[in-house]
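Mapped onto our numbering, the consecutive letters of the sequence shown carry residue numbers 492 to 629. All C-beta atoms, glycine included, are put in the ideal place defined by N, C-alpha and C. What you are looking at is a predicted structure, and each value in this text was computed from that prediction instead of being measured. Notes to accompany the following structure.
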Amino acid sequence: MKCRLQMKNIQSTISEFQHESNMWKRKLADLLLENAYLKNRLAEKLNEGYTTRNFLELAEQYLNRFIRKDEIINLIRHDITVYDKLLTNSRYKNNTLLEKLEQKNDRMRRELQMLDTKFNILKTQFDNFLGDKPWALP
């Protein structure tokens with residue numbers, strides 16, 4: 492009886508991890524869309540003729556930061572894919588494996604929180620960059 496109860500707890504925990512993983516995937520998809528939107532806003536400003544040297548230098552820096560965010564998001568998506576496979580293949584394992592899964596889950600949760608925080612800072616800085624318009628001066 493204890494073994495069945497223990498297996499049920501392990502399966503329940505793995506199910507919770509899978510649910511969280513699905514939430515992460517949705518969050519990363521949202522971040523990719525939002526990042527694409529920011530790149531499009533930058534392209535629109537360039538198409539509007541904002542071509543002062545200062546603007547172009549800052550625009551290039553922001554574009555590089557957006558590209559880097561895409562790379563980070565895709566790396567995390569890959570990590571989640573690997574994690575999902577581990578979850579799927581570990582349905583009937585023991586508590587030792589569960590501890591490893593918990594550690595991976597905690598690490599990935601921290602990574603996503605950090606990515607989200609840094610992405611929000613980047614969005615705010617970019618909005619300020621477009622709103623302040625110090626580059627629009629003659």
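Buried/exposed call for residue i, threshold 16 Cβ in 10 Å
i: K560; result: buried
i: L466; result: Summary: the structure shown does not reach residue 466, with the chain confined to residues 492 through 629, and so no result is reported for it.
i: I612; result: exposed
i: A550; result: buried
i: L566; result: exposed
i: I558; result: exposed
i: N526; result: buried
i: L547; result: exposed
i: L449; result: Absent from the structure is residue 449, since the part of the chain shown begins at 492 and ends at 629.
i: G622; result: exposed
Whole-number beta carbon distance between residue j and residue i, since they are thought to touch under 8 angstroms
i: L578; j: S503; result: Contact doesn't hold; Cβ gap of about 13 angstroms is too wide.
i: W515; j: M599; result: 7 angstroms
i: I564; j: L592; result: Incorrect: roughly 23 angstroms between the Cβ atoms, too far for contact.
i: F617; j: L522; result: So it is not a contact: roughly 14 angstroms between Cβ atoms.
Spatial neighbours of residue i in its chain, beta-carbon cut-off 6 angstroms, leaving aside the 5 residues before and after
i: I501; result: L589
i: R495; result: Reliability of the predicted coordinates at R495 is poor, the pLDDT of 43 falling under 50, and the value obtained from them is presented with this limitation in mind. Excluding residues within five positions, none has a Cβ falling inside 6 angstroms.
Three-state secondary structure (DSSP) of residue i
i: L519; result: helix
i: E539; result: coil
Close-in-space but distant-in-sequence residues of the same chain around residue i (CB under 7 angstroms, 5 per side omitted)
i: F508; result: L578, L592, N596
i: E562; result: none
8 angstroms Cβ shell around residue i - same chain, five flanking residues per side excluded
i: I571; result: S512, W515, K516, L519, M599
i: F620; result: L549, Y553
Report yes or no: do the stretch 527 to 541 and the stretch 554 to 568 share at least 3 C-beta pairs separated by less than 8 angstroms? yes
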